[in-house]
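With full-length UniProt numbering applied, the sequence shown covers 1 to 320.
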Amino acid sequence: MKAALAGPGGELLHQARRATGRDRGPDAVVEGILDFAAELRALGVDRFGEPARAAGVAVPGIVDEEHGTAVYAANLGWRDVPLRALLGERLGSVPVALGHDVRTGGLAEGRIGAGKGADRFLFVPLGTGIAGAIGIDGRVESGAHGFAGEIGHVVVRPGGLPCPCGQRGCLERFASASAVSQAWAEACGDPDADAADCAKAVDSGDPRARAVWQDAVDALADGLVTALTLLDPRVLIIGGGLAEAGETLFSPLRDAVRRRVTFQKLPRIVPAALGDTAGCLGAGLLAWDLLGTDPHGPGPHGAGPDGTTPTTTTPPEVTT
């Protein structure tokens, strides 16, 4: 779990981390989040003379943002956890916003990170899985049922590898960091090899690594062009562990996307700027939005009108 006190400009005034404790069961995870948030709110009094006035929390899995419910998270064992209500009770009835981890990270990247100033962007983190955040005019779309942005389950290789979602050939089975790790471990014969090792081997000219890497880049480009055709973003932000390879990823990816577009307008393809602080920053922005006065859209930083400081707390960034 990562937590922070966030200021009106998106700055993290205090940060803390602790183990999720999921080995003790889903109820223990929830209790850990509630305790963490309460401690952080109290810290606001000690550090800044007043408690945090709003809270934002970002969680993985399926999230019902409207009703404040963590519907399902396989890695945490959650089902229908009324997290917003529980946090409100623990924090003394302060307003609480609940968001999906990737969409919340995308909110931060769009407003104060790599997509700052763009009216439309798509944020795609490449980690254990692949998800996406669709940004429009400073907000992130959650969809009618909370599934918006699940680009990792776009089928790019029909009849390909089975996916836990029940389909075959999903994007995340070919282009996520875990997929590249698996493919490279098999190709090089080292079961401990991972995507970072593959990227290094690509840079050193290893033909096996280049083949694995190109397969992933091609699959990713196929999925991204589908998304670009549907959403027409101005900026495409790539984050997650695989993006840490830098131009080893971005140079061939830009080329692959460019080769595939026809009538579509090619967006800027850029690396994410906020790293693993994006979730906390985004949760802070959600909290600031609760304190705003314009129901149709926040200011450039989602700042509240009274200069108060929200609490944010997020569980691990796990895509399911």
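Don't be surprised by glycine CBs; every beta carbon is placed ideally from N, CA and C.
**Prompt:** Between the C-alpha atoms of residue 329 and valine 212, what's the straight-line distance to the nearest angstrom?
**Reply:** The displayed coordinates of the chain run from 1 to 320. Any statement about residue 329 would go beyond what the structure contains.
**Message:** Could you pull the DSSP bridge partners for glutamine 15 from this structure?
**Reply:** Ala4
**Prompt:** Which residues mark the beginning and the end of the alpha helix (DSSP H) in which proline 252 is found?
**Reply:** 247-260
**Asked** Touch check for the segment 142-153 and the segment 182-197: three-plus C-beta pairs under 8 Å?
**Response** Between the segment 142-153 and the segment 182-197, the count of Cβ pairs shorter than 8 Å is below three; the stretches do not touch.
**Asked** Since aspartate 80 is in the beta strand (DSSP E), which residue starts that stretch and which ends it?
**Response** 78-81
**Request:** Identify which residue in Gly88, Val96, Leu86 and Gly127 has its Cα closest to the Cα of glutamine 182.
**Result:** Relative to the Cα of glutamine 182, the nearest Cα in the group Gly88, Val96, Leu86 and Gly127 belongs to Gly127.
**Asked** Three-state secondary structure (DSSP) at glycine 150?
**Response** Just to set this straight, residue 150 is glutamate in the shown sequence, not glycine. Reduced to three states, the DSSP call for glutamate 150 is coil.
**Message:** Cutting at 8 Å between CB atoms, please list the residues of its own chain near threonine 69, excluding the five before and the five after it.
**Reply:** Val63, Asp80, Val81, Pro82, Leu83, Arg84 and Leu98
**Request:** Take the Cβ of arginine 41 as the centre, count every other Cβ of all protein chains shown within 10 Å, and call the residue buried at 16 or more, exposed below.
**Result:** By the 10 Å Cβ count, arginine 41 comes out buried.
**Prompt:** Could you give the distance in angstroms between the alpha-carbon of glycine 8 and the alpha-carbon of alanine 187?
**Reply:** In the sequence as displayed, the identity of residue 8 is proline instead of glycine. Using only the alpha carbons, I get a separation of about 48 Å.
**Message:** At the level of alpha carbons, what is the spacing between valine 29 and leucine 224?
**Reply:** 34 Å
**Prompt:** Using the rule of at least 16 other Cβ atoms within 10 Å of the residue's Cβ for burial, across every protein chain shown, is threonine 314 buried or exposed?
**Reply:** Only weak support exists for where threonine 314 lies, its pLDDT of 43 falling under 50; the coordinates are left without a value.
**Touch test, the segment 109-118 against the segment 263-279, Cβ-Cβ under 8 Å, three pairs minimum** = yes
**Request:** Could you tell me whether the segment 17-33 touches the segment 280-295, where touching means 3 or more Cβ pairs closer than 8 Å?
**Result:** no
**Message:** Within a Cβ cutoff of 6 Å, which residues of the same chain sit near tryptophan 78, ignoring the five residues on either side of it in sequence?
**Reply:** Pro26 and Ala70
**Request:** Check each candidate in Val155, Ala185, Arg234 and Pro191 and name the one with the smallest Cα separation from arginine 208.
**Result:** Ala185
**Message:** Short of 7 Å in beta carbon distance, which residues of its chain neighbour aspartate 218, apart from the five on each side in sequence? Order them along the chain.
**Reply:** Ala256
**Item:** Alpha carbon of valine 235 to alpha carbon of isoleucine 134, nearest angstrom
**Value:** Rounded to whole angstroms, the gap between the alpha carbons of valine 235 and isoleucine 134 is 11 Å.
**Prompt:** leucine 5 to aspartate 203, Cα distance in whole Å?
**Reply:** When the Cα atoms are used, leucine 5 and aspartate 203 turn out to be separated by approximately 40 Å.
**Prompt:** Assuming alanine 16 contacts alanine 3 under a Cβ cut-off of 8 Å, what Cβ separation, rounded to an integer in Å, is found between them?
**Reply:** 5 Å
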